[in-house]
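K.L.:
Residue numbers (the numbering used here), protein chains in the order written: chain W, 13 to 124; chain B, 2 to 115.
C-beta atoms are modelled at their ideal positions from N, C-alpha and C, and glycine is treated no differently.
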């Protein structure tokens, strides 16, 4: 069975600085997809970035980028130039054969 | 498009009562998902439909839970009878494919069972 682990329950960063959120996963599948979702206090789940496992190039979306290490089964999220609006819970998620499996989440606090 | 619509946004009920949560997916999306979020268990997939047909309901916790999708624009998640441990936020999501396609989430229904 696939599992997703986020080992950092809480993190904080100063505004304008860079922060990296960790995620590891376990699977025996070779083709899969990885996602980072953001859940602000409004509770809305918002897709931040996604990565196809067969692509070696790391995905980038503006200030958000990932470090995908397939052999290590690691999928970290880097947020550059952190903004107050980035304060939220961040979920790493794995999609193999149909099911989206979420990690436990990391609460990120951006401080002014 | 208005996005995924869920109702009600909040529901407070007493133990033993029947609860029905409703979801309207984004028009044109052929996949619909029901998730539950709790502090203890995080986000869990309960069931998902493809073209109105339930594909995987292995996440449904027990027989008290049932989900239906009578047409492409409407789904319900019913709990009967409800118990305090069912208190959670229930999300509905839809997508126009599986795997890589983004799942668009509704705002969630916060259920409190007293």
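Residues of the stretch 19-52 of chain W with a CB closer than 9 Å to any CB of chain B: list them in chain order, please.
P.N.:
Answer set for the stretch 19-52 of chain W: 43, 44, 45, 47, 49 and 51.
K.L.:
Take residue 58 of chain W and list the residues in its own chain whose beta-carbon comes closer than 7 Å to its own, dropping the five residues that flank it on each side.
P.N.:
For the purposes of this step, residue 58 of chain W is identified with residue 46 of the first chain, where counting begins at 1. Counting only Cβ-Cβ distances below 7 Å, and skipping sequence neighbours, we find 49 and 50.
K.L.:
Do you know whose CA, among W:82, W:96 and W:66, lies nearest residue 38 of chain W's CA?
P.N.:
Counting from one through the first chain, the residue named residue 38 of chain W turns up at place 26. It is W:82.
K.L.:
Measuring from the CB of residue 92 of chain W, is there a heavy atom of the ligand GDP at a distance below 7 Å?
P.N.:
The ligand GDP is not among the ligands present in this structure, which contains no ligands whatsoever.
K.L.:
Do you know offhand how far residue 60 of chain B's Cα is from residue 47 of chain B's?
P.N.:
Residue numbering aside, residue 60 of chain B sits at position 59 when the second chain is read from its first letter. Residue numbering aside, residue 47 of chain B sits at position 46 when the second chain is read from its first letter. Each residue's alpha carbon lies about 4 Å from the other.
K.L.:
Please go through the same chain and pick out, in chain order, the residues whose beta-carbon is closer than 6 Å to the beta-carbon of residue 32 of chain W, but skip the five residues on each side of it.
P.N.:
Translated into the one-based positions of the first chain, residue 32 of chain W becomes position 20. Cβ within range, chain order: 88 and 90.
K.L.:
So residue 72 of chain B is in the beta strand (DSSP E); what residue range does that whole segment cover?
P.N.:
Here residue 72 of chain B refers to the residue found at position 71 of the second chain. Its beta strand (DSSP E) spans residues 66-72.
K.L.:
Tell me where the beta strand (DSSP E) around residue 40 of chain W begins and ends.
P.N.:
Position 28 of the first chain, counted from the start, is the residue given in the question as residue 40 of chain W. No beta strand (DSSP E) holds residue 40 of chain W; DSSP gives it neither H nor E.
K.L.:
If you count every other CB in all the chains shown that lies within 10 Å of the CB of residue 12 of chain B, and 16 or more means buried, which is it?
P.N.:
Counting from 1 along the second chain, the entry for residue 12 of chain B is found at position 11. The residue is buried, with at least 16 neighbouring Cβ atoms inside 10 Å.
K.L.:
List, in order along the chain, the chain W residues whose C-beta lies closer than 7 Å to that of residue 44 of chain B?
P.N.:
For the purposes of this step, residue 44 of chain B is identified with residue 43 of the second chain, where counting begins at 1. Those are 103 and 114, listed as they occur along chain W.
K.L.:
Under DSSP, the beta strand (DSSP E) around residue 63 of chain W begins and ends at which residues?
P.N.:
Within the first chain, numbered from 1, the residue matching residue 63 of chain W stands at position 51. First-last of the beta strand (DSSP E) with residue 63 of chain W: 58-64.
K.L.:
On a Cα-Cα basis, can you pick out the residue from W:60, W:72 and W:80 that is closest to residue 66 of chain W?
P.N.:
Residue mapping note: residue 66 of chain W aligns to position 54 of the first chain, counting from 1. Minimum Cα distance to residue 66 of chain W is reached at W:80.
K.L.:
What do you reckon, are the CB atoms on residue 9 of chain B and residue 113 of chain B nearer than 8 Å?
P.N.:
Sequence index remark: in the second chain, residue 9 of chain B carries index 8 (1-based). Sequence index remark: in the second chain, residue 113 of chain B carries index 112 (1-based). Not a contact, by the Cβ cut-off of 8 Å.
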